[in-house]
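Okay, structure first, notes after.
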Amino acid sequence: MTDPAAPHPPLSTFVALVSPATTDDQRNTVRPRRFPIACWRMDDPGFDFDSSFVVPSAKSQMLLFSQLRDGHPGCPLTIFGHADPTGDVEYNKTLSGRRAASVYALFTRRIDIWEQLFSSPFGGDQWGARSIEATLRTNVSQTTGRAFLEGQASGGAATTSATRAFQTEHGLAADGIAGPLTRAKLFEVYMQFLTTDDATGEAFVLDAAQDFLGRGADPDGKADFQGCGEHNPVLVFSLDETNELARTENKARRDAENSANRRVLAFFFEKGSRASVGAWPCPRAGEDTSGCKARFFSDADARVAPQPQRRAWEGDAGASPPIAPHATMGCRFYHLFALRSPCEVSRKLAVVRIHIQNARRDPMPAAHYILTVGDLRFEGVTDADGLLVQQVPAESTSGHLSVVDAWEADLVFRNHDPVDTSPGATSRLANLAFVDAGRLEDGPGANEDLDRLIAGFQDSFDDLERSGQLDGPTQAKLLTTHRS
Amino acid sequence: MPQRYTIRQGDHAAAVAARFGFRSFQTIWQDGLNADLRATRTNTNVLLPGDVLVIPDKELRVEARPTGARHEFVAVSSRLRLRVRLLDLVGEPLRNQPCTLTVAGTDAPLTTDGEGVLTQEIQPSTSSAMLQVGEAQYPLRIGDLDPVDTASGATARLANLGYLPDFADAELDPQELVAAVEEFQLDHGLTLDGLLAGATLAKLEEVHGS
Numbered sequence: 081m082t083d084p085a086a087p088h089p090p091l092s093t094f095v096a097l098v099s100p101a102t103t104d105d106q107r108n109t110v111r112p113r114r115f116p117i118a119c120w121r122m123d124d125p126g127f128d129f130d131s132s133f134v135v136p137s138a139k140s141q142m143l144l145f146s147q148l149r150d151g152h153p154g155c156p157l158t159i160f161g162h163a164d165p166t167g168d169v170e171y172n173k174t175l176s177g178r179r180a181a182s183v184y185a186l187f188t189r190r191i192d193i194w195e196q197l198f199s200s201p202f203g204g205d206q207w208g209a210r211s212i213e214a215t216l217r218t219n220v221s222q223t224t225g226r227a228f229l230e231g232q233a234s235g236g237a238a239t240t241s242a243t244r245a246f247q248t249e250h251g252l253a254a255d256g257i258a259g260p261l262t263r264a265k266l267f268e269v270y271m272q273f274l275t276t277d278d279a280t281g282e283a284f285v286l287d288a289a290q291d292f293l294g295r296g297a298d299p300d301g302k303a304d305f306q307g308c309g310e311h312n313p314v315l316v317f318s319l320d321e322t323n324e325l326a327r328t329e330n331k332a333r334r335d336a337e338n339s340a341n342r343r344v345l346a347f348f349f350e351k352g353s354r355a356s357v358g359a360w361p362c363p364r365a366g367e368d369t370s371g372c373k374a375r376f377f378s379d380a381d382a383r384v385a386p387q388p389q390r391r392a393w394e395g396d397a398g399a400s401p402p403i404a405p406h407a408t409m410g411c412r413f414y415h416l417f418a419l420r421s422p423c424e425v426s427r428k429l430a431v432v433r434i435h436i437q438n439a440r441r442d443p444m445p446a447a448h449y450i451l452t453v454g455d456l457r458f459e460g461v462t463d464a465d466g467l468l469v470q471q472v473p474a475e476s477t478s479g480h481l482s483v484v485d486a487w488e489a490d491l492v493f494r495n496h497d498p499v500d501t502s503p504g505a506t507s508r509l510a511n512l513a514f515v516d517a518g519r520l521e522d523g524p525g526a527n528e529d530l531d532r533l534i535a536g537f538q539d540s541f542d543d544l545e546r547s548g549q550l551d552g553p554t555q556a557k558l559l560t561t562h563r564s
Numbered sequence: 085m086p087q088r089y090t091i092r093q094g095d096h097a098a099a100v101a102a103r104f105g106f107r108s109f110q111t112i113w114q115d116g117l118n119a120d121l122r123a124t125r126t127n128t129n130v131l132l133p134g135d136v137l138v139i140p141d142k143e144l145r146v147e148a149r150p151t152g153a154r155h156e157f158v159a160v161s162s163r164l165r166l167r168v169r170l171l172d173l174v175g176e177p178l179r180n181q182p183c184t185l186t187v188a189g190t191d192a193p194l195t196t197d198g199e200g201v202l203t204q205e206i207q208p209s210t211s212s213a214m215l216q217v218g219e220a221q222y223p224l225r226i227g228d229l230d231p232v233d234t235a236s237g238a239t240a241r242l243a244n245l246g247y248l249p250d251f252a253d254a255e256l257d258p259q260e261l262v263a264a265v266e267e268f269q270l271d272h273g274l275t276l277d278g279l280l281a282g283a284t285l286a287k288l289e290e291v292h293g294s
């Protein structure tokens with residue numbers, strides 16, 4: 081079972097087996113256990129791709145964290161960021177560290193850490209206007225009773241105007257520019273938004289000196305938060321998939337299928353646990369991977385490397401040959417934390433692929449879309465073919481797709497019926513806008529004019545005869561046009 | 085007629101001696117018929133269930149003393165102790181640490197020495213105790229530690245040293261054991277191979293202290 085916030089299965093009461101002593105050199109040794117008792121996982125949609133900025137939709141995950149923490153008073157935690165294995169090893173270490181730092185800063189209200197992340201962009205991790213606008217979109221103006229910024233436009237006059245209004249309300253110089261002073265207030269307000277339980281109106285804040293394993297003893301957060309880079313995946317593609325997904329045109333798919341590996345974990349430890357900073361093995365979030373390597377399994381490379389089969393952390397006894405569990409992580413130290421963790425699984429996700437077209441049925445490359453599935457909101461742009469690829473929870477049955485400044489549609493996730501059946505043909509024709517979607521739910525008689533609809537479809541293609549019949553060439557054309 | 089006795093879980097030298105009415109286990113241990121076992125087990129307080137001991141017949145000892153006078157006989161008995169070294173989460177000794185050892189409902193307030201070791205005299209029949217260190221409680225099973233070169237003995241030591249969540253867990257994930265062994269090997273400058281053998285076992289016995 082996957083669970084984004086849960087206690088670990090209880091550890092059995094520790095019993096030390098000891099021997100009595102009859103000579104002075106005989107003794108026993110007892111040391112406390114270093115195993116987590118609860119975990120919280122922040123999933124990939126909590127950040128934009130290749131970014132450490134916590135997006136507004138992560139708010140629901142923060143509530144889960146707060147509830148888990150309330151159930152474990154006095155239990156200190158430490159935060160781990162993870163990246164997927166795409167790209168450079170050191171880049172991924174840094175990015176995962178920035179994500180861990182970002183979450184730590186949110187929990188402890190370290191606005192200075194966010195300012196550091198904002199003002200020191202790293203590769204693709206550029207906070208930019210998006211981080212400013214997140215506050216303006218989620219914070220309500222006392223004057224107007226509405227969000228400071230509405231609509232999808234970014235970085236333009238509307239943002240300047242919203243920034244000015246925000247500055248005025250917070251006693252800042254109203255120049256419409258989000259400088260350091262304005263950013264500090266914006267981040268403070270946004271942190272409050274993310275950590276507030278709307279049911280009670282109360283926000284949670286953690287004490288850096290008490291609530292983490294390292295107790296804030298290290299100014300750069302050693303033992304409090306760190307990044308594992310790409311070394312501890314929960315999903316390793318097969319060799320074939322790796323080669324296939326390495327192709328440029330498959331980037332969107334690769335990034336979507338890799339989402340299980342992009343995550344931030346918080347582990348809680350037994351009450352009173354404490355790690356002395358000097359003895360904590362993980363390097364700081366800002367340090368390179370050399371400190372990680374001492375803790376790698378002797379066969380770490382083989383664990384994280386692609387093999388003939390796709391391998392998930394939880395294994396698969398039903399695969400042929402069976403896939404052993406718990407053999408994908410390279411770091412031994414982290415592996416011991418993850419072993420009993422209900423938060424560490426390669427989630428069962430379904431991939432949604434949609435070719436987005438305009439009214440003339442031309443593909444819409446680089447189209448800005450917003451896909452909403454349950455509480456999750458995915459925002460992005462289509463690839464050069466107008467393809468949208470996104471992973472959604474496997475149990476999802478419906479969603480909503482908005483192509484900004486173009487059109488929107490409700491989505492039902494299920495497999496189409498075969499193309500040689502009336503329902504199968506009708507649902508595909510509906511997606512391709514040859515039939516009004518409302519007809520799908522029409523009662524008796526809906527099929528009567530299927531012939532006419534098919535004829536309309538056939539009219540659009542020079543190589544199809546206008547027969548009105550769902551014949552072989554028409555079925556084939558319907559499949560290639562719909563792409564499924 | 086000497087008899088054969090098969091060691092059970094929880095047995096240790098003093099407990100076996102007491103069971104058969106010997107003051108010293110050495111009388112049993114040094115018997116020629118136990119030479120093979122002596123060569124296998126280096127610590128008489130750490131025996132393996134299934135080990136077979138030959139219990140020699142008790143020899144009648146004759147002490148001639150004149151009548152009409154008071155005579156003093158002193159029984160020689162080796163003191164049996166429980167010694168436990170306490171570490172913190174990252175392996176530093178808890179020096180001069182107050183703690184409480186509870187045996188058969190009686191609390192003994194103790195303090196560890198400069199090496200983090202606490203020592204308390206116990207009876208051969210004592211098979212369990214509860215050790216309280218601050219908020220942490222450690223139930224102890226005395227005499228249940230198997231030899232280090234057995235799987236159960238090695239995992240029990242790894243658990244005592246904080247590398248495994250529990251001793252000799254039947255559900256123990258093989259990956260968890262490899263990880264624990266390599267963590268131990270790293271901490272003690274050994275070659276990382278995840279195997280419980282050779283130098284790793286010797287170091288495990290040395291670090292644990294038994």
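These protein sequence lines are chains A and B, in that order.
Quick note: the first sequence uses this note's numbering, first residue 81, plus one each step.
Quick note: the second sequence uses this note's numbering, first residue 85, plus one each step.
Yeah, the Cβ is synthetic: ideal placement off N, Cα and C, and Gly gets one too.
- For W113 of chain B, the enclosing alpha helix (DSSP H) begins and ends at F109 to W113.
- Along the segment 102-119 of chain B, none of the residues has a CB nearer than 7 Å to a CB of chain A.
- Pairing A192 of chain B with G105 of chain B, the inter-Cα distance amounts to about 28 Å.
- Taking a contact as a CB-CB distance under 8 Å, the pair P112 of chain A and L173 of chain B counts as one, their CB atoms being some 5 Å apart.
- Our two residues, L157 of chain A and D277 of chain A, have alpha carbons roughly 21 Å apart in a direct line.
- Within chain A, the C-beta atoms nearer than 8 Å to that of R169 of chain B come from R107, N108, T109 and V110, in chain order.
- The beta carbon of T128 of chain B sits closer than 9 Å to some beta carbon of chain A.
- Approximately 6 Å separates the beta-carbon atoms of D304 of chain A and Y184 of chain A; this is inside 8 Å, confirming the contact.
- In the three-state scheme derived from DSSP, where H, G and I count as helix and E and B as strand, H562 of chain A is classed as helix.
- V220 of chain A sits exposed, since fewer than 16 C-beta atoms from the chains shown fall within 10 Å of its C-beta.
- About 5 Å separates the Cβ atoms of Q204 of chain B and L185 of chain B, confirming a contact at the 8 Å cut-off.
- Restricting attention to B:N118, B:S294, B:C183 and B:L261, the CA atom closest to the CA of G200 of chain B is found in B:C183.
- For a Cβ distance threshold of 7 Å, residue set S99, Q106, R107 and N108 of chain A lies close to S294 of chain B, ordered along the chain.
- Exclusion of the five residues before and after L467 of chain A leaves H435 as the residues of its chain whose Cβ lies within less than 6 Å of its Cβ.
- Inclusion of A97 of chain B and W113 of chain B in the CB contact set at 9 Å is warranted, their separation being smaller than that value.
- Proximity of chain A to N244 of chain B at the Cβ level (cut-off 8 Å) is accounted for by A96, L97, V98, N108, T109, V110 and R111, in chain order.
- With 16 or more neighbouring CB atoms inside 10 Å of its own CB, G246 of chain B falls in the buried class.
- In the pairwise beta carbon analysis, the segment 123-141 of chain A is classified as not touching the segment 253-273 of chain B: fewer than three pairs are separated by under 8 Å.
- Under the 9 Å criterion on CB atoms, G410 of chain A is classed as non-interfacial with respect to chain B.
- When Cβ-Cβ separations below 9 Å define contact, H415 of chain A makes contact with chain B.
- By the 16-neighbour rule on beta-carbons within 10 angstroms, F541 of chain A is exposed.
- The straight-line gap separating the alpha-carbon atoms of G94 of chain B and L166 of chain B is approximately 14 Å.
- For Y89 of chain B, the three-state secondary structure derived from DSSP is strand.
- When the beta-carbon positions are compared, Q389 of chain A and S318 of chain A come within less than 9 Å of each other.
- Check the Cα spacing between T322 of chain A and each of A:G281, A:G294, A:A385 and A:H311: the tightest is with A:A385.
- For N129 of chain B, there is no enclosing alpha helix (DSSP H), since its DSSP letter is neither H nor E.
- For L491 of chain A, no chain B residue has a Cβ inside 9 Å of its Cβ, as the nearest lies near 40 Å away.
- In the DSSP assignment, G479 of chain A falls within the beta strand (DSSP E) that extends over S478 to V483.
- Taken in chain order, the members of the segment 115-139 of chain A whose beta-carbon sits within less than 9 Å of a beta-carbon on chain B are F115.
- Excluding its 5 nearest sequence neighbours in each direction, E170 of chain A has C-beta neighbours in its own chain below 7 Å: D368 and T369, listed in chain order.
- Ranked by Cα distance from G116 of chain B, the options B:G134, B:T126 and B:V138 are led by B:V138.
- Assigned with DSSP and collapsed to three states, W393 of chain A falls in coil, not helix or strand.
- Among the bridge pairs identified by DSSP, C411 of chain A is matched with A:F376.
- Assigned with DSSP and collapsed to three states, V425 of chain A falls in coil, not helix or strand.
- Residue pairing by DSSP puts T186 of chain B in a beta bridge opposite B:D191 and B:M214.
- Shortest Cα-Cα distance from V232 of chain B to any of B:A220, B:T284, B:G278 and B:R103 involves B:T284.
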